[in-house]
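This report refers to the structure that appears directly beneath it.
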Amino acid sequence: MATKIVVTIKKNLIQKYDQQFAQVEDLLHSLIQSDQKKGITTQLIYLDDSSTPVTEQDVKTAIDRLYTAHMPDYLLIFGAQDIVPFQHLENPLYTPQTDDDEFIPSDLPYACNSAYSTDCNSFTNPTRVVGRLADLPGKANFSYLKIIINNVIRSKPASSKFPSDYFAITASVWEKSSEQSISNIFGNIKMLLSSPPAKGKYSADQLRPIFHFFNCHGALNDANFYGQKGMSYPVAINTRDIDHMITFGTAVAAECCYGAQLLNPDEYGVSIASNYFANNALSFMGSSTISYGPADGQGLADLICQYFLINVNKGASAGRALLEARQKFLAESAPDLDPYELKTIAQFYLLGDPSVQIIRSAPTKNAYNTIENRRFNLFSRGTNIGAGISNTIKVNERPASSNYNEILSILQQEEFTDEATEIVFEVDSLKGDLLPKRLDIMGIASADSKVRFRVFQKEVYLKAPVRNIRTLVIKEINNQVLGWKIYVSR
Amino acid sequence: MKLVGKISVRIAGEGTKSEHEAVYLDTGKESYQLRKTGSNPFENPELKQMAGREVSVEGTLDKYIFFARTIEEI
Chain A
1 MATKIVVTIK KNLIQKYDQQ FAQVEDLLHS LIQSDQKKGI TTQLIYLDDS STPVTEQDVK
61 TAIDRLYTAH MPDYLLIFGA QDIVPFQHLE NPLYTPQTDD DEFIPSDLPY ACNSAYSTDC
121 NSFTNPTRVV GRLADLPGKA NFSYLKIIIN NVIRSKPASS KFPSDYFAIT ASVWEKSSEQ
181 SISNIFGNIK MLLSSPPAKG KYSADQLRPI FHFFNCHGAL NDANFYGQKG MSYPVAINTR
241 DIDHMITFGT AVAAECCYGA QLLNPDEYGV SIASNYFANN ALSFMGSSTI SYGPADGQGL
301 ADLICQYFLI NVNKGASAGR ALLEARQKFL AESAPDLDPY ELKTIAQFYL LGDPSVQIIR
361 SAPTKNAYNT IENRRFNLFS RGTNIGAGIS NTIKVNERPA SSNYNEILSI LQQEEFTDEA
421 TEIVFEVDSL KGDLLPKRLD IMGIASADSK VRFRVFQKEV YLKAPVRNIR TLVIKEINNQ
481 VLGWKIYVSR
Chain B
1 MKLVGKISVR IAGEGTKSEH EAVYLDTGKE SYQLRKTGSN PFENPELKQM AGREVSVEGT
61 LDKYIFFART IEEI
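Below, the structure written as structure tokens:
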């Protein structure tokens, strides 16, 4: 029985690599042989062997069928989005000129047992260890493919000799939040660079640590991450800044908007994520779209990225590190996810072979510490978390509140005004009827027992040249405010 | 592709990690963020100076951004 399945679409590989397709297959067979030596039984499966998947739904259905048949420890999607498509989920926050992402290209559905859907709410139950080893999209570059597969073959867990070393850049305006993230991951902030003044051209010494972390601006179809101080947005790192400078086996987490996008090099240059792999990195975790963080402290992108790196640093395989990060993020956000939490869980994905272990785990005599037990626990945990999370749905009409004075008071306290744009999301009680049970037990059930998120977006402070525009999310039930959060550019 | 429209400057991505003052091309029917290919997406003083002017742009549209190879004032 295969413990790792590699899924891809043969027709798309042949179309892209043409006469070099046989060499691509040879490389994949070398990977299978190498995995065998590492104790992993790997099987290459072409999704179009039995039927031709045409739509994203076909691909999701085919992968689900295979997963159920094999129940592998690892699922490796082989190829960029032009070989195996991302699943395009509807963005609950889509608002032109505010959050312009109509869809979220995502690998999360491949990590969940739920049937095909374009609704993020369907995928709050991740149970599978998934990663994508992506070639360069839009262009057949066999040399690149050879590097990324051979690097997986060469990989072996590094010793955890320097677990507190890292290379990290933050936009200057987000320094406080990044300090918290970095401190949580590595226990020190001495190597954290702020941009500005950091503006690229880093030394080999700076780039040498195996862990890299970014909390910067990113943009669609752009191969830079940017810093910020006031209205100045210098390039914090350009994709070429890492050429020949990083250590074999580097693992990256990027909070940035579009941080893990994969670009056609002929159109926009090689993306930062792709160039990390060209320079012998083994894992890159980041976002496909516009990402979010809270005004103060930690949340959303901060959390999923730090959970991932903490898990990698403890010796988890890259794929398990992401699955456990997703589950922790969901467990802490549950039972009612606000729309920003929904987008976050959907948008972050892992590039790289999910079975790769970056750091050697500490030896343990714990008899339960088998991969089978870990997978069983992760499957159970993911299923339970998903069952306890209701759907969060945008409503068209703004519901009235008999307690709107309290909402107005929060708006005032947080320096919003009642003129701020308001979007309302309601938590649907249909999924397992969990919400009525909760409310009944708590003695607060009523005919209109709804958990609501009222989202206000408003520019509340402007002092040239610094702008501070914030999003306020108020959670309420039965017209009673339960609390509020602020998500903003910091 | 070619588009004709008026340049304006507005806040894009309010409340996101990429919030910034962006340059838009308003064609009368649609509004797209306008970016000169290869330029800094977050600060582009040359484009911002063109606010209010009618222009003809040639380039590629991807999702909500028009990546302009050439921008000519009409």
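Protein sequence lines, in the order shown, are assigned to chains A and B. Sequential numbering of the first sequence, starting at 1, is according to the working numbering. Sequential numbering of the second sequence, starting at 1, is according to the working numbering. Note that beta-carbon positions come from the ideal geometry of N, C-alpha and C, so glycine has one too. Note that the coordinates shown come from a computational prediction; the quantities given were computed from them, not determined experimentally.
Own chain, CB closer than 7 Å to residue i, minus 5 neighbours either side, in chain order
i               : result
Q357 of chain A : P157, G315 and S317
D302 of chain A : S177, S181, E255 and G293
A321 of chain A : F308, N311 and V312
R490 of chain A : Residue placement at R490 of chain A cannot be trusted, given a pLDDT of 35 that sits under 50; what the coordinates show is reported in the next sentence. Cβ within range, chain order: V173, W174, S177, G293 and A295.
A80 of chain A  : A134, D135, L136, P137 and L262
P85 of chain A  : E56 and V59
K463 of chain A : Only weak support exists for where K463 of chain A lies, its pLDDT of 33 falling under 50; the value from the coordinates is given anyway. Excluding sequence neighbours, K463 of chain A sits near nothing in its chain.
A334 of chain A : I385, G388 and I389
Chain-order list of residues whose beta-carbon lies under 6 Å from that of residue i (same chain, five-residue window excluded)
i               : result
E54 of chain B  : K6 and I74
A491 of chain A : The structure shown does not extend to residue 491 of chain A, since chain A is modelled only from 1 to 490, so the question has no answer here.
F225 of chain A : F214, C216, G218, A236, I237 and C256
N12 of chain A  : I83
L89 of chain A  : I104, S106, T118, C120 and A346
I149 of chain A : L27 and L31
L108 of chain A : F123 and A346
G28 of chain B  : none
N479 of chain A : S401, S402 and N403
Y17 of chain A  : V24 and A140
V4 of chain B   : S56
Beta-carbon proximity of residue i to residue j, cut-off 8 Å
i               : j               : result
L76 of chain A  : A62 of chain A  : no
C120 of chain A : K343 of chain A : yes
Q327 of chain A : G382 of chain A : yes
T289 of chain A : Y258 of chain A : yes
F453 of chain A : F425 of chain A : yes
L27 of chain A  : L136 of chain A : no
G200 of chain A : D241 of chain A : yes
D338 of chain A : T392 of chain A : yes
Q97 of chain A  : A12 of chain B  : yes
A168 of chain A : L193 of chain A : yes
L66 of chain A  : I45 of chain A  : yes
E323 of chain A : V451 of chain A : The sequence as given places Leu at residue 323 of chain A; Glu does not occur at that position. Not in contact: L323 of chain A and V451 of chain A (Cβ atoms no closer than 8 Å).
G319 of chain A : S355 of chain A : yes
Q360 of chain A : D73 of chain A  : Note that residue 360 of chain A corresponds to Arg in the displayed sequence, not to Gln. The answer is no: Cβ separation not under 8 Å.
G227 of chain A : A281 of chain A : no
Q15 of chain A  : F142 of chain A : no
T42 of chain A  : A2 of chain A   : yes
L300 of chain A : E341 of chain A : yes
I423 of chain A : L330 of chain A : no
I304 of chain A : A325 of chain A : yes
C112 of chain A : P92 of chain A  : no
For residue i, the first and last residue of its enclosing beta strand (DSSP E)
i               : result
V55 of chain B  : E54 to D62
I83 of chain A  : Run containing I83 of chain A: none; DSSP gives neither H nor E here.
K314 of chain A : No beta strand (DSSP E) contains K314 of chain A, which DSSP labels as neither H nor E.
S160 of chain A : Looking at the DSSP string, S160 of chain A is not in any beta strand (DSSP E), and its letter there is neither H nor E.
S283 of chain A : S283 to S287
P105 of chain A : F103 to S106
H20 of chain B  : H20 to D26
E426 of chain A : T421 to D428
Y349 of chain A : F348 to L351
Supposed close pair residue i, residue j - CB separation, criterion 8 Å
i               : j               : result
D35 of chain A  : K4 of chain A   : 6 Å
N221 of chain A : Y268 of chain A : 5 Å
A223 of chain A : S271 of chain A : 6 Å
Residue i: first and last residue of the uninterrupted alpha helix (DSSP H) it sits in
i               : result
Y166 of chain A : Where Y166 of chain A is concerned, there is no enclosing alpha helix (DSSP H), given that its DSSP letter is neither H nor E.
V24 of chain A  : F21 to K37
L207 of chain A : A204 to L207
E406 of chain A : Y404 to Q413
V270 of chain A : Taken as a continuous stretch (DSSP letters only), V270 of chain A belongs to no alpha helix (DSSP H), as it is neither H nor E.
L66 of chain A  : E56 to H70
Cβ-based neighbour list, residue i, same chain, cut-off 8 Å, excluding 5 preceding and 5 following
i               : result
K48 of chain B  : V9, E21 and V23
L411 of chain A : T417, D418, A420, F456 and L472
V466 of chain A : The pLDDT assigned to V466 of chain A is 30, lower than 50, so where the model puts this residue is not dependable, and the model offers no usable value.
beta-carbon residue i near the ligand ATP non-hydrogen atom, thresh 7 Å
i               : result
R208 of chain A : In terms of ligand content, the structure shown is empty, and the ligand ATP therefore cannot be addressed.
Under 9 Å by beta carbon: chain D residues contacting residue i
i               : result
Y233 of chain A : Of the protein chains in the structure, A and B, none is chain D.
Inset, instruction - Closer than 9 Å, Cβ to Cβ, to anything on chain B: give me those residues from the region 195–227 of chain A, in chain order. - result: N215, C216, H217, G218, A219, L220, N221, D222, N224 and Y226
Legend entry - Residues, ordered as in the chain, of the region 83–100 of chain A that lie near chain B by beta-carbon distance below 8 Å: P96, Q97, T98, D99 and D100
Legend entry - Contacting positions in the region 282–300 of chain A - beta carbon closer than 8 Å to chain B: So the close ones are I290, S291, Y292 and G293.
Inset, instruction - Using a Cβ-Cβ cut-off of less than 8 Å, give me the residues of the region 51–74 of chain B that come near chain A, in sequence order. - result: T60, D62, K63, Y64, I65 and F67
Inset, instruction - Using a Cβ-Cβ cut-off of less than 9 Å, list which residues of the region 23–46 of chain B approach chain A; keep chain order. - result: Y24, S31, Q33, R35, T37, G38, N40, P41, F42 and E43
Legend entry - Residues from the region 246–274 of chain A in contact with chain B, defined by Cβ distance under 9 Å: E255, C256, C257, Y258, E267, Y268 and G269
Inset, instruction - Pull out every residue of the region 154–181 of chain A whose Cβ sits closer than 9 Å to any Cβ of chain B, in chain order. - result: A171 and W174
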